[in-house]
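Student:
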Amino acid sequence: MSTTTTPETTFTPTTATAVLNFWFTTTPLHPTLESFKRWFQPDPAFDSSCRETYLPLITTLSHLPPSELHSLATTPEEALSLILLLDQLPRNIHRADSSSVYNVTDPLALSLARIATAPERRFDLGPELAWKGVPSRRCWFYLPFGHSEDLADHEFLKGLHAEMRRDCEGGEGEGFAKAIEGFSDAHTEVIAKFGRYPYRNAVLGRENTKEEVEWLEGEKVAWAR
Numbered sequence: 006m007s008t009t010t011t012p013e014t015t016f017t018p019t020t021a022t023a024v025l026n027f028w029f030t031t032t033p034l035h036p037t038l039e040s041f042k043r044w045f046q047p048d049p050a051f052d053s054s055c056r057e058t059y060l061p062l063i064t065t066l067s068h069l070p071p072s073e074l075h076s077l078a079t080t081p082e083e084a085l086s087l088i089l090l091l092d093q094l095p096r097n098i099h100r101a102d103s104s105s106v107y108n109v110t111d112p113l114a115l116s117l118a119r120i121a122t123a124p125e126r127r128f129d130l131g132p133e134l135a136w137k138g139v140p141s142r143r144c145w146f147y148l149p150f151g152h153s154e155d156l157a158d159h160e161f162l163k164g165l166h167a168e169m170r171r172d173c174e175g176g177e178g179e180g181f182a183k184a185i186e187g188f189s190d191a192h193t194e195v196i197a198k199f200g201r202y203p204y205r206n207a208v209l210g211r212e213n214t215k216e217e218v219e220w221l222e223g224e225k226v227a228w229a230r
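No gaps in the numbering here: position 215 of the sequence shown is 220 in the working numbering, and each next residue is one more.
1. Does the CB of Lys198 have a neighbour CB from chain D at under 8 Å?
2. What is the DSSP secondary structure of Arg119, counted as helix, strand or coil?
3. Pick helix, strand or coil for Val208, following the three-state DSSP scheme.
4. Skipping 5 residues on each side, what residues in its chain have a beta carbon closer than 7 Å to that of Glu83?
5. Helix, strand or coil: which one does DSSP assign to Gln93?
6. Mapping the DSSP letters down to three states, classify Phe16 as helix, strand or coil.
7. Since Tyr202 is in the alpha helix (DSSP H), which residue starts that stretch and which ends it?
8. Classify Asp102: buried if its beta carbon has 16 or more other beta carbons within 10 angstroms, exposed otherwise.
9. Identify, in the order they occur along the chain, each residue of the same chain with its Cβ nearer than 7 Å to the Cβ of Leu34, setting aside the five sequence neighbours on each side.
10. Please look up how many angstroms separate the CB atoms of Leu25 and Leu85, rounded, as I've assumed it's under 8 Å.
11. Can you tell me which of the three DSSP states Leu25 falls into?
12. To the nearest angstrom, how far is the alpha carbon of Thr30 from that of Gly178?
13. Counting Cβ pairs closer than 8 Å, one from the stretch 139–158 and one from the stretch 195–207, do we hit at least three?
14. Please confirm whether Leu60 and Ile98 have their CB atoms less than 8 Å apart.
15. Closest to Thr79 by CA distance: which of Phe128, Ile63, Leu115 and Asp52 is it?
16. Could you name the residues of the same chain whose beta carbon sits closer than 6 Å to that of Asn108, not counting the 5 residues immediately before and after it, in chain order?
17. Short check: CB of Leu66 to CB of Phe27, under 8 Å?
18. Restricting to Cα atoms, I'd like to know which of Ser105, Thr14 and Thr110 is closest to Leu91.
19. Take the Cβ of Pro124 as the centre, count every other Cβ of all protein chains shown within 10 Å, and call the residue buried at 16 or more, exposed below.
20. Going by C-alpha distance, which of Asp190, Tyr204 and Gly210 is nearest Trp220?
21. Between the alpha carbons of Ser7 and His68, how many angstroms are there, rounded?
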């Protein structure tokens, strides 16, 4: 008797819960900026754990058409876990060669983020609006827009961050929301200036302009190195 593998059997509500536990268990709901960095800074042990635990699933999901991925995101938790699997975890896994991140998983994550933040869903606000004042959950829905090289996505992102900042005003997440917004604005400035992220040019086989060379050789923030 053969068993047919479908998107629904590959990614289940149990899978979504496991992904969220893997990503968030060791970090408080309202983390300090220092503890938040663990997700972004190179950490061989954590990156290896990401690779060993989720690379097969990410590979399977990355071969699905966007419409099938969208059908798997029926709850805020499922949408968040899928975006993590296709946006941030690939960055931890493929630090040495990010070409598959930019060419394969980023477009899928962006399509999910658009669906998740649509007015009729607003999965980014969480189950029964539980994440409305929790930027440590909402921000992952917004990162795919910041990873895009389309300025229109960044303009849309500005609205999302402004809304999150207002929702967190006076609460535990206020400082974190403001910091994330500033981090995002720094990315948008690069896209507004160059129309792309110059530090991706080498891995994507793109030729640098004179202005990009000067920028790449000058002082800049750590994420652009």
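Every residue, glycine too, gets a C-beta built ideally from N, C-alpha and C. Note that the structure is a prediction, hence the values are computed from the model and not measured.
Tutor: So, to answer that:
1. Absent from the structure is chain D; it holds one protein chain and no more.
2. helix
3. helix
4. Pro18, Ala21 and Leu77
5. helix
6. In the structure shown, Phe16 sits in coil (DSSP, three-state: anything other than H, G, I, E or B).
7. Looking at the DSSP string, Tyr202 is not in any alpha helix (DSSP H), and its letter there is neither H nor E.
8. exposed
9. Val139 and Ser141
10. 7 Å
11. helix
12. Rounded to the nearest whole angstrom, the C-alpha separation of Thr30 and Gly178 is 18 Å.
13. Yes: the two stretches touch, three or more of their Cβ pairs being nearer than 8 Å.
14. yes
15. Phe128
16. none
17. no
18. Thr110
19. So Pro124 ends up on the exposed side.
20. Tyr204
21. Low per-residue confidence applies at Ser7: pLDDT is 42, beneath 50, and the placement is therefore not dependable enough to give any value.
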